[in-house]
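When we follow UniProt numbering, the leftmost residue of the sequence shown carries the number 1, and every step to the right adds one.
In this text, a Cβ means the ideal position worked out from N, Cα and C, and glycines have one as well.
Below is one structure, written out as structure tokens, with a few remarks after it.
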Amino acid sequence: MRWIVRLIGLVIVLVVVAVGSVFLLPEDRIAQVAVDQIRAQTGREVTLSGGTEISFYPVLGVATGPMEIGNAPWSDAGPMMRAEALKVGVDPVAMIRGDIRITGLELRSPRILLERAADGRVNWELGVEGVAPSGQEGARSAKLALYLDRALITDGVLRYADRGSGEETVMQGLALDLRWADYEGAAEFEAGLRPAGETVAVSGRIDRFAQFINGDASALNLRVAAAGGEIGLNGQASLAPMIAGRIEGELPDTAAFMAALGQPGVSLPQGLGRRAALSGDLSLTPDDMRLSLREGSLTLDGNRLSGALDVFTAQTPPRVVGQISAGALDLSGLGGGGEAAAAGSGGAATEGWSTAPIDASALSLVNGELDLRAESVLVGGLSLNQTHIGATLDRARAVVTLRDVAAYDGTLGGEVVANNRSGLSVGGDLRAQGVGLQGLLSDMAGLSRFTGAADAQVLFLGAGGSVDAIMRSLSGQGTLSTGRGTIQGIDLDKLFRAGDVSGGTTVFDSLSASFTIEDGVLRNDDLLMSLPVITARGEGRIGLGARDLDYLFTPRSGGTDGEGGVAIPVRIKGPWANPSIRPDMKVLLDENLEEEKKAAEEKARKKLNEAVEKKLGVTPEEGESVEDALKKKAEEKVKDALKGLLSK
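Here it is, written out as structure tokens:
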């Protein structure tokens, strides 16, 4: 808006000079006088070509051919503005009274260049009387009795170049229709521009436009509409810039709205604002360009949030700080789920993880810190109850800290990291206390056979562009321990009493295990389960990426510490969705024939000793083997023989 005001100021100078000189100078001198006056007041070169035409009827006015307004002295990018033509109509009766009433102003096909130098200087700071430069107190010139019935800009192109960052934005289709009938009164405007092909319409009313262009605050009503939605503001604003008012917005298609504003490719996960609505008290402070939302209400898809946000827009990327509260929060879309997941898996969810690419570009949009409290959260396949988490986002690396999370009848703690600085990786250090195994394992891995309250700790890291790739790359380690619980699908008591493996439930007193993870495969070799009359051990692998397992579970009755007694090894093998559970006959024979094998070996050794004693007359002493006894007997014979030889 500020640069538009500057251009209007230049036009006012031109009108005063041209129309005021109409009775004093020939037409060929009017243009040069106007150019000299503008140059003197602004310090910019102004070029008018094609001559100047004065009309007396039906409207007193002036028209020029092509015109240029020079750029700031520090710029080498060419003119600040080029236009094909300028037309101005004035009210002669008002001029006789000493007022300036512009009945019509039209700037055709302007090409406007706005520049910001690397040191922060801007080229739109013009020394037009009555209009203050940015950040300075409004100019206190004598009151100008100005009336602008209508001002039009058509078919314009606006180019903004930031020489510090190297970024450049071009907006086509610039149009403005401004009506300002009373200098001390309100101005209404409608504008349009195309930052990226689609038209963005801006309309509104500024109650005291003269104060506004002089840098003071004025009541303002503003509406921005584009493909994908619209946003409205009702409050106070100034060119400082300063904003204080109520904002309301409806964005049925956030991606389309952002694309229309020149930010294409914004792909938000489901639950984070593919559809959005917002309301609240909005303020913008000029010193740090902080955009603040208070008493805010935000709806992101089906998620309803409330709280306070601060956005530091001067930083790149913007920094967001907020305190948010929510009811039931569904963030399942963060895992690349939904329709894309189903399509990427190539079939039912039980057949494998989603191979659909995960778009983690949203991690680069902002930096910031958020504090979130929610009644429940669904994220990454996990269902959390009362939740208090903190989140930080810094250069595409997000860290979520579980401060107070109730889940599965227990509590969760630790942190999870998602890093998209050089490809997506996901890691974490999580702790669980008293969580229900059945609900947790069912949500995480589709396993619902185990029940019991567990304490666990897991450290993990995975990388890849899809859920499938991440799960197949997982590495880490962890521990698990539980008190009393059950295993559904097998009854170890029936198995020992009747050899029945048809089903049932096993009740255990305790369970403990540790594990390592490498390349998406979890391995465990120390599972220990205690039952009233049975002790069970387990070892094997669980394919976290392949969603399968091959695990040997060996319960033993009648022994202690997993040794002795009768063992019935059970092998659990196959896909998670439908594993086979059956006795492992080879291991069964190896385990249960071990005692018979030892007894047979002992019996054979005893018979051998008896034969040696009978034939050779050798009787091993206690703790002495037959071999040692024979060796000792031979040594004695040799000694006796040597003694006999020597005595002769």
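- For Ile243, the closest C-alpha among the options Val405, Ala217, Gly352 is that of Ala217.
- If you draw a straight line from the Cα of Arg44 to the Cα of Leu193, it comes to about 26 angstroms.
- Out of Leu293, Val426, Pro66, Phe508, the CA that lies nearest to the CA of Ser473 is found in Val426.
- In the DSSP assignment, Thr254 falls within the alpha helix (DSSP H) that extends over 254-260.
- With respect to the C-alpha of Arg205, the residue from Gly229, Arg179, Ser475, Glu198 having the closest C-alpha is Arg179.
- In its chain, beyond the 5 residues on either side, Asp443 have a beta carbon closer than 6 angstroms to the beta carbon of Leu382.
- For Leu233, the CB contacts under 6 angstroms within the same chain, skipping 5 residues up- and downstream, are Leu222, Gly245, Ile247 in chain order.
- When C-alpha distances from Gln172 are compared across Gly545, Gln211, Asp149, Ser109, the shortest belongs to Ser109.
- For Gly439, the uninterrupted alpha helix (DSSP H) run begins and ends at 437-445, by DSSP.
- Bounds of any alpha helix (DSSP H) do not take in Gln263, whose DSSP letter is neither H nor E.
- Counting along the chain, Ile389 sits inside the beta strand (DSSP E) bounded by residues 387-394.
- No residue range can be given for Met289, since it is assigned to no alpha helix (DSSP H) and is classified by DSSP as neither H nor E.
- The beta carbon of Gly478 sits closer than 6 angstroms to those of Gln457, Val458, Phe515, all from its chain and outside the five residues before and after it, given in chain order.
- Distance between Glu415 and Leu278, taken at the CA atoms: about 30 angstroms.
- Tyr551 is not a Cβ neighbour of Ile517, given a cutoff of 8 angstroms.
- With respect to the C-alpha of Phe553, the residue from Ser530, Leu393, Pro241, Gly545 having the closest C-alpha is Ser530.
- The three-state secondary structure of Thr42, taken from DSSP, is helix.
- Out of Arg111, Leu148, Arg403, the CA that lies nearest to the CA of Asn71 is found in Arg111.
- Under the three-state reduction of DSSP output, Pro241 falls in the coil class, being neither helix nor strand.
- For Thr169, the closest of Glu375, Leu437, Gly262 by C-alpha to C-alpha distance is Gly262.
- With a contact defined as Cβ atoms closer than 8 angstroms, Ala453 and Leu363 miss out at about 35 angstroms.
- Secondary structure of Leu492 (DSSP, three-state): helix.
- Within its own chain, the residues whose Cβ lies closer than 6 angstroms to the Cβ of Leu511, once the five positions on either side in sequence are excluded, are Thr482, Met529, listed in chain order.
- Leaving aside the five residues that flank Gln386 on each side, the residues in its chain whose CB is nearer than 7 angstroms to its CB run, in chain order, Glu375, Ala406.
- In the structure shown, Ala83 falls within a strand segment according to DSSP collapsed to helix, strand and coil.
- Under the criterion of beta carbons closer than 8 angstroms, Arg373 and Ser325 qualify as touching, at roughly 5 angstroms.
- Each of Gln270, Gly503, Ala356 was checked against the Cα of Leu329, and the nearest Cα belongs to Gln270.
- The beta carbon of Gly504 sits closer than 7 angstroms to the beta carbons of Ile490, Asp491, Lys494 from its chain, once the five residues preceding and following it are set aside; these are given in chain order.
- Collapsing the DSSP output to three states places Pro555 in a strand.
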